[in-house]
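Asker: Be aware that the sequence shown starts at 620, since it is given in our numbering, and climbs by one per residue.
Just so you know, even glycine gets a beta-carbon here, dropped at the ideal spot from N, CA and C.
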Amino acid sequence: MLTFPVPEPDPTPTGIGWLRSTVSRFANGAVHARRRAIVEDLLAGIDPAELSRPYDEHPVARLARALGFTGTAEDLRVEGVGGAAGEPRVGGVGGAAEDPRVEGVGGAAEDPRVEGVGGAAEEPRVGGVGRAAKGPRVGGAATDLRGEGTAAGVRIEGIVEDVRIAAAAYQTGDTAADEAVERLVAAFGGAHGERTAARIQLLVQACDATATLIERARTRPVDEVLRDDPPVLATRRVAPDGSIVAVPLAGRPFGEGPRACPGREHALALVEGALR
Ligand code: HEM
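1. Under three-state DSSP, which class holds A853?
2. Span of the alpha helix (DSSP H) holding A649?
3. Using 8 Å as the Cβ pair cut-off and three pairs as the minimum, do the segment 856 to 869 and the segment 835 to 843 touch?
4. Taking the alpha carbon of D827 as the point to measure from, which residue in G809, Q790, L661, G808 has its own alpha carbon closest?
5. Does the segment 665 to 673 come close enough to the segment 882 to 892 to have 3 or more Cβ pairs within less than 8 Å?
6. Could you tell me which of R774, R639, F645, H651 sits nearest to G687, measuring between CA atoms?
7. Is P630 buried or exposed, if buried means 16 or more other CB atoms sit within 10 Å of its CB?
8. Return yes when the C-beta of P849 is under 7 Å from any heavy atom of ligand 1, and no when it is not.
9. If we ignore side chains and look at the alpha-carbon of each, how far apart do P867 and A886 end up?
10. Under a three-way DSSP split, which group does A879 fall into?
11. Kindly indicate the opening and closing residues of the beta strand (DSSP E) around P859.
12. Can you tell which of V658, G861, D666, G812 has its C-alpha closest to the C-alpha of Q824?
13. Which partner residues does I863 have in the DSSP bridge list?
14. By Cβ distance, which residues of its chain are closer than 7 Å to G702, with the 5 residues on each side in sequence left out?
15. Tell me where the alpha helix (DSSP H) around V782 begins and ends.
16. Just verifying my parser: in three-state terms, what is the DSSP assignment at A810?
17. To the nearest angstrom, how far is it from the Cα of A830 to the Cα of D797?
18. Where does H677 fall in DSSP's three states?
19. Take the Cβ of E780 as the centre, count every other Cβ of all protein chains shown within 10 Å, and call the residue buried at 16 or more, exposed below.
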């Protein structure tokens, strides 16, 4: 069933709809192949050995740094971010995280550990979003994006938070994540193209699964976790009758075939670095 097509979101110019309709994950055929090649090209530029060096932050932060978030003003541009600053950025996200059945995907959605949804259900995402709502994160980020002060840590935290919001809405397309996605686009240079989408996709795909694997591998060998308690239990495909079905991933924790996780080596390196 993994060879069935994936659901394709309608093309959307901005926000989470743009991300979903511009990444490889939700594309089929030649479009998938083209976007996947971009993802593989980006990953080829990140040495897993670098990721496996000891670190003490969210794996998304580690990966974001590897993708170019060095804290220089050049890497992070402010165009398009100003408008977002000061606006309520998290409205409705809590609801999305609490109800993994948004968008009526039937059986697939009822399993909270279907790809991309699991971490959302298991992690204290709502709490995290709440904290963000209280603090001046957006305003702070806009200042930081100009390259002032000791911004690197704050900025990376903002990126991680936005990636977490985008990850929670990745399967559902919940528009509560629109602003987070737009901030990520701005952080990656502001262009709504496939390469920007691919970079954000890497962070979003890595987010919950890698964090979950790190947590579980604190007390057991990684191989054992991947065999007995993998982070991603199932993925979604469109069955010939048009319905969306959950496809179990037991025994193939990174998927298989042309859509198998291209970040497997990087994921394992991120786990290694976090546990050192
Ligand atoms: C423990 C961590 C991870 C697990 C268990 C995991 C698992 C998976 C699985 C099962 C798929 C296939 C989904 C499907 O067939 O529908 C997938 C796809 C993908 N993963 Fe991972 N992943 C992990 C970490 C990562 C990391 C760290 C990255 C990036 C560095 C990444 C990037 C991707 C991308 C880009 C895709 C989409 C591939 C495509 O569209 O062809 N993943 N992942």
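Answerer: In short:
1. strand
2. 648 to 663
3. no
4. Q790
5. yes
6. R774
7. exposed
8. yes
9. 20 Å
10. coil
11. Counting along the chain, P859 falls outside any beta strand (DSSP E), and DSSP gives it neither H nor E.
12. V658
13. V857
14. With a pLDDT of only 32 at G702, under the threshold of 50, the placement of this residue in the model should not be trusted, and no figure is reported.
15. 770 to 788
16. coil
17. 23 Å
18. coil
19. buried
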